[in-house]
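Protein sequences, first through last, are from chains A and B. 1 is the number of the first residue of the first sequence in the numbering used here; add one for each residue after it. 203 is the number of the first residue of the second sequence in the numbering used here; add one for each residue after it. Here a beta-carbon is modelled for each residue, glycine too, at the ideal position from N, C-alpha and C. Note sheet for the following structure.
There are 2 protein chains.
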Amino acid sequence: MSTKTTAGPEIERLIQLLAKLPGLGPRSARRAALHLIKKKEQLLVPLAEAMDVAVEKVGICSTCGTVDTSDPCTICSDPRRDASTILVVEDVADLWALERAAALNCRYHVLGGTLSPLDGIGPDDLNIGGLVDRVQAGGVSEVILAVNATVEGQTTAHFVTDRLAGFDVRVTKLAHGVPVGGELDYLDEGTLTQALKARTAF
Amino acid sequence: MSTKTTAGPEIERLIQLLAKLPGLGPRSARRAALHLIKKKEQLLVPLAEAMDVAVEKVGICSTCGTVDTSDPCTICSDPRRDASTILVVEDVADLWALERAAALNCRYHVLGGTLSPLDGIGPDDLNIGGLVDRVQAGGVSEVILAVNATVEGQTTAHFVTDRLAGFDVRVTKLAHGVPVGGELDYLDEGTLTQALKARTAF
Ligand SMILES: [Zn+2]
Ligand SMILES: [Zn+2]
Numbered sequence: 001m002s003t004k005t006t007a008g009p010e011i012e013r014l015i016q017l018l019a020k021l022p023g024l025g026p027r028s029a030r031r032a033a034l035h036l037i038k039k040k041e042q043l044l045v046p047l048a049e050a051m052d053v054a055v056e057k058v059g060i061c062s063t064c065g066t067v068d069t070s071d072p073c074t075i076c077s078d079p080r081r082d083a084s085t086i087l088v089v090e091d092v093a094d095l096w097a098l099e100r101a102a103a104l105n106c107r108y109h110v111l112g113g114t115l116s117p118l119d120g121i122g123p124d125d126l127n128i129g130g131l132v133d134r135v136q137a138g139g140v141s142e143v144i145l146a147v148n149a150t151v152e153g154q155t156t157a158h159f160v161t162d163r164l165a166g167f168d169v170r171v172t173k174l175a176h177g178v179p180v181g182g183e184l185d186y187l188d189e190g191t192l193t194q195a196l197k198a199r200t201a202f
Numbered sequence: 203m204s205t206k207t208t209a210g211p212e213i214e215r216l217i218q219l220l221a222k223l224p225g226l227g228p229r230s231a232r233r234a235a236l237h238l239i240k241k242k243e244q245l246l247v248p249l250a251e252a253m254d255v256a257v258e259k260v261g262i263c264s265t266c267g268t269v270d271t272s273d274p275c276t277i278c279s280d281p282r283r284d285a286s287t288i289l290v291v292e293d294v295a296d297l298w299a300l301e302r303a304a305a306l307n308c309r310y311h312v313l314g315g316t317l318s319p320l321d322g323i324g325p326d327d328l329n330i331g332g333l334v335d336r337v338q339a340g341g342v343s344e345v346i347l348a349v350n351a352t353v354e355g356q357t358t359a360h361f362v363t364d365r366l367a368g369f370d371v372r373v374t375k376l377a378h379g380v381p382v383g384g385e386l387d388y389l390d391e392g393t394l395t396q397a398l399k400a401r402t403a404f
């Protein structure tokens, strides 16, 4: 289906860019663009401003790899956080899901994906070296591997465990309770909390 | 589910605004925000710019009610368009759908909705007066009511037909071919073209 609207190249471009968002196809992108234009003052103007602010302020934390408006991020620079425990996640969305569960008051490390030879994603494409550096720097007693219960996630967990083998650090994984094949970001907060409490040695 | 991300109020606000788009809930809004932040240069920056341009340039055509970057709009100001035929639609999305079908090289009129007493939407809330004005100004030989095949759409069509009864204008409706209860914007271009070709007197 064409994205043609006859409404001028500026609206075409807005629709084409909206269609690149996850969850929006060409048709829903047209609907979203129309909705934005109709709700110009209530939605389009504030969203345009929020995006301008994000462009200007949001970046990647050089310590843990999450996104935030400060570097180090809010979590890494919070002295009330237990810096001796690092929760390792694949993606920022998983970090957010675990934070909503509010199960542990710890630090995080975002790998930025999983090992996937078929997709050409090797160890150097993930933020694994940064994790090893943090452990090597000392003060970390436990690394919790909170990766997805997928083949790629578990492969990645094994690889990270091997890289941390020489350090005096306990490496644990989430308890069973995470459905096999499931993704963390889909789970309710109670399940995440239980899986964290019953975590076992890797 | 909370929208809390720990990533600062700026990202929270971006997610909350994205969640107001049709088709995006809180969870998909978080995914969309993360996607935008990760693809900052390729997507967030261009989308923020496209929205700024839309805020500045996009408005409503004072003749037909569609959205465009010029007033009168591209269609209303195009001398190659047949000004004697006005295709009346509920929504701009329907106008776009009919234009993609490219079945008629005519002008349009966007009502901006349908009569819906239960929702408090009466004739004065729709762009019906503007249509009567255009017909009254002369030069219009046919008004095609391309409204949705819903109860509200058909009620609105009857009302518009009554309002145009005193004028020397042929009022037609889309041919059967539009599925009962269906919405124009969901139909393929072939169905729309056939429905237009076989239009009947209202
Ligand atoms: Zn951080
Ligand atoms: Zn117009």
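Boundaries (first-last residue) of the alpha helix (DSSP H) holding residue i
i	result
serine 28/A	26 to 38
aspartate 364/B	353 to 365
isoleucine 213/B	211 to 220
valine 255/B	247 to 259
arginine 336/B	330 to 338
leucine 192/A	189 to 197
Residue i versus residue j: straight-line alpha-carbon distance, rounded
i	j	result
valine 140/A	glutamate 90/A	19 Å
isoleucine 204/A	cysteine 73/A	Because chain A here runs from 1 to 202, residue 204/A falls outside it and cannot be looked at.
alanine 7/A	serine 272/B	9 Å
alanine 198/A	arginine 31/A	45 Å
lysine 38/A	arginine 372/B	31 Å
aspartate 296/B	leucine 313/B	11 Å
tyrosine 186/A	alanine 305/B	45 Å
phenylalanine 202/A	threonine 191/A	20 Å
leucine 164/A	glutamate 142/A	11 Å
proline 224/B	arginine 27/A	11 Å
glutamate 391/B	glutamate 251/B	32 Å
valine 380/B	histidine 311/B	20 Å
valine 151/A	phenylalanine 167/A	25 Å
glutamine 16/A	leucine 245/B	10 Å
alanine 397/B	aspartate 364/B	23 Å
threonine 205/B	alanine 351/B	Confidence is the limiting factor: at threonine 205/B the pLDDT is only 48, short of 50, which leaves the residue's position unreliable and the question unanswerable from this model.
Terminal residues of the beta strand (DSSP E) in which residue i lies
i	result
glutamate 344/B	344 to 347
threonine 374/B	372 to 375
alanine 102/A	Per DSSP, alanine 102/A belongs to no beta strand (DSSP E) and is neither H nor E.
threonine 288/B	Note that residue 288/B is isoleucine in the sequence shown here, rather than threonine. Here the beta strand (DSSP E) through isoleucine 288/B covers 284 to 291.
valine 312/B	308 to 312
Neighbouring residues, chain A, relative to residue i (Cβ below 8 Å)
i	result
glutamate 212/B	Ala50, Val53, Ala54, Lys57, Val58, Thr69
Chain A residues whose Cβ lies nearer than 7 Å to that of residue i
i	result
histidine 237/B	Leu21, Pro22
arginine 233/B	Pro22, Gly23, Ala93
Residue i at chain C interface by Cβ criterion, 8 Å
i	result
serine 28/A	Absent from the structure is chain C; the protein chains it does hold are A and B.
Within chain B, the residues that residue i reaches when beta carbons sit closer than 7 Å
i	result
proline 46/A	Leu219
Buried or exposed by the 16-neighbour rule on C-beta atoms within 10 Å, applied to residue i
i	result
methionine 1/A	In this prediction, methionine 1/A scores a pLDDT of 39, lower than 50, which makes its location untrustworthy; the coordinate-derived value is nonetheless stated afterwards. Exposed, because fewer than 16 other Cβ atoms sit within 10 Å of the Cβ of methionine 1/A.
arginine 375/B	Reading off the sequence shown, one finds lysine at residue 375/B, where the question assumed arginine. Buried.
glycine 65/A	buried
arginine 134/A	buried
glutamate 301/B	buried
valine 88/A	buried
leucine 118/A	exposed
alanine 175/A	exposed
serine 279/B	exposed
Short Cβ contact (8 Å threshold) for residue i with residue j
i	j	result
proline 347/B	alanine 339/B	In the sequence as presented, proline is not what sits at residue 347/B; that position holds leucine. For leucine 347/B and alanine 339/B, no; Cβs fall outside 8 Å.
leucine 47/A	leucine 36/A	yes
valine 92/A	valine 58/A	no
glycine 355/B	valine 362/B	no
aspartate 82/A	cysteine 106/A	yes
leucine 115/A	glycine 122/A	yes
leucine 18/A	alanine 256/B	no
Chain-ordered chain A contacts of residue i [CB-CB under 9 Å]
i	result
leucine 216/B	Leu47, Ala50, Met51, Val53, Ala54, Val58
leucine 245/B	Leu17, Lys20, Leu21
lysine 242/B	Ala54, Val55, Val58, Gly59
(request) Could you name the residues whose beta carbon sits closer than 6 Å to any heavy atom belonging to ligand 4, keeping them in chain order? (result) Absence of ligand 4 is noted for the structure shown, with ligand 1 and ligand 2 being the only ligands found.
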